[in-house]
Amino acid sequence: GYQVSADNQKVVFCTDTGPCSNLKLLAKGADVLITECSLPPGRVDNEWPHLNPQQAALVARQAGAKKLFLAHFDAGVYFTKQDRLAAQKSARKIFHNTWAARDGLSIRI
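This note's numbering applies: residue 5 is where the sequence shown begins, and numbers increase by one.
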């Protein structure tokens, strides 16, 4: 993962990871956490460690992040925009300030 800090703002970007202590440490206090969401809601795969939306949301909540953006959706799982919005809805049950990233999305920090 990567952490970028500027003007007292912290952005953390993590892809291709499963739940781990280093992810939580890197995301601690992030203004924006952008993390992967390769797995569909509820699925866990210990042989191919990636995050589902609930795991990403739990990391954001435990790390004290302000906003979570789900990205790096597996195209073999998330076929439509509705699939990504379902992941967003699932994550928001744990961490309200969650959005499913999309092409062209621009945010102000």
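We treat Cβ as the ideally placed atom computed from N, Cα and C, and that holds for glycine. All values reported here derive from a predicted model rather than from experimental measurement.
> Do you know how far the Cα of Trp103 is from the Cα of Ser110?
Replying inline: 12 Å
> Just curious, the alpha helix (DSSP H) that Val63 is in, first and last residue?
Replying inline: 57 to 67
> Measuring CB to CB, does Ala91 end up less than 7 Å from Cys41?
Replying inline: yes
>> Judging by CA-CA distance, which residue of Asp20, Ser9, Arg88, Arg65 is the nearest neighbour of Lys28?
In response: Arg65
> Taking buried to mean at least 16 other C-beta atoms within 10 Å of its own C-beta, is Gln13 buried or exposed?
Replying inline: exposed
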